[in-house]
Amino acid sequence: GESVGLHLPTLSVQEGDNSIINCAYSNSASDYFIWYKQESGKGPQFIIDIRSNMDKRQGQRVTVLLNKTVKHLSLQIAATQPGDSAVYFCAETTGGGYQKVTFGTGTKLQVIP
Amino acid sequence: SQTIHQWPATLVQPVGSPLSLECTVEGTSNPNLYWYRQAAGRGLQLLFYSVGIGQISSEVPQNLSASRPQDRQFILSSKKLLLSDSGFYLCALDRLNEKLFFGSGTQLSVL
Chain D
59 GESVGLHLPT LSVQEGDNSI INCAYSNSAS DYFIWYKQES GKGPQFIIDI
109 RSNMDKRQGQ RVTVLLNKTV KHLSLQIAAT QPGDSAVYFC AETTGGGYQK
159 VTFGTGTKLQ VIP
Chain U
4 SQTIHQWPAT LVQPVGSPLS LECTVEGTSN PNLYWYRQAA GRGLQLLFYS
54 VGIGQISSEV PQNLSASRPQ DRQFILSSKK LLLSDSGFYL CALDRLNEKL
104 FFGSGTQLSV L
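Shown next as C-alpha cells:
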C-alpha cells in the first residue's frame, strides 16, 4: 500500500545550527502534506503544512520544501534550539470525506547544547 | 479555540481486563473524531474514525471498539485487553479543510 517514510531515524544537531529532516512519500495522489512535532509523552503538534501545488512554504524558523518529481518532503529548522528536541513526523493525505492521514515512522531530533 | 480532553493520562491494566478511554472535545461542533495508537518509537496507526454521532469506521481489525454517543464524545473500549494493546492512544479531531488536532494522549500498559 501507499506509505510515507523518513530517511533518518535520529538526527543530532549542534545548538544554533540548521536542521534538515527528510521524508519520502509514495502516493502520487497525495495533495496535502503536514509536519508534526511530538515531545515525549505528548500528542503531536502541528508545525507547518504544504499543498501539492506549492514547492516551498515558510513559517517561523521553519521551512517545508516539496519536490513532487522525486516525491520528497523536507523540514528545515533554522537556528535549532534545545526546545526543538522532539520526534518529527511527516504525514500525507489525499483528503476525502475525512482526513485519512498517513504518518511516517518519525525522526528523532537531538539538539546538542 | 478547540480543546481535546483525554483521560486518564496513564493507565496500567492486567491482561483480560476491560478498557474504556474517553475523549471529549470543546470549542467546535460536528468534528470528525479519530483514535490513533502509537507503539513505542513508532508512527501513528489510525484505529477508528467517526464523522458523526453513532457513526464509526474501523481501519484495522482488532480487539478494540469505538463509540460516539454524543457529538463531542468519542470512546475507545475493549472487553478483554491483550498484551499487544499496550501503546499510546491519541484522540484527534478535524473539520473540513482543517488539519488534524491531537489530544494529550493516554499511555496504556497491559501487563
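Just so you know, the protein sequences line up as chains D and U, in that order.
Note that the numbering used here has the first sequence beginning at 59, numbered continuously upward.
Note that the numbering used here has the second sequence beginning at 4, numbered continuously upward.
The C-beta atom is built at its ideal place from N, Cα and C for all residues, glycine as well.
- Only buried fits U:ASN35, as 16 or more other CB atoms lie within 10 angstroms of its CB.
- Proximity of chain D to U:ARG45 at the Cβ level (cut-off 7 Å) is accounted for by THR163, in chain order.
- Sequence-distant partners of D:ASP75 (beyond 5 residues in either direction) whose C-beta falls short of 7 Å from its own C-beta, in its chain, are THR138.
- In the three-state reduction of the DSSP assignment, D:ASP113 falls in the coil class.
- Considering only U:LEU96, U:ASP97, U:SER87, the residue with the shortest C-alpha distance to U:PRO17 is U:SER87.
- Where U:SER68 is concerned, the enclosing beta strand (DSSP E) starts and stops at 68 to 73.
- Inter-segment contact for the region 46 to 54 of chain U and the region 67 to 82 of chain U is present: three or more beta-carbon pairs are separated by less than 8 Å.
- Using a Cβ-Cβ cut-off of 9 Å, U:SER107 counts as an interface residue toward chain D, since at least one Cβ of chain D sits closer than that to its own.
- Sequence-ordered contacts of the region 97 to 120 of chain D with chain U read GLY99, LYS100, GLY101, PRO102, GLN103, PHE104, ASP107 [C-beta pairs closer than 9 Å].
- Exposed is the label assigned to D:ARG109, since fewer than 16 other Cβ atoms lie within 10 Å of its Cβ.
- Closest in alpha carbon position to U:THR27, among U:ARG71, U:SER20, U:LEU114, is U:ARG71.
- Listed in chain order, the beta strand (DSSP E) runs fully inside the region 72 to 98 of chain U are 76 to 81, 90 to 97, counting runs of at least 3 residues.
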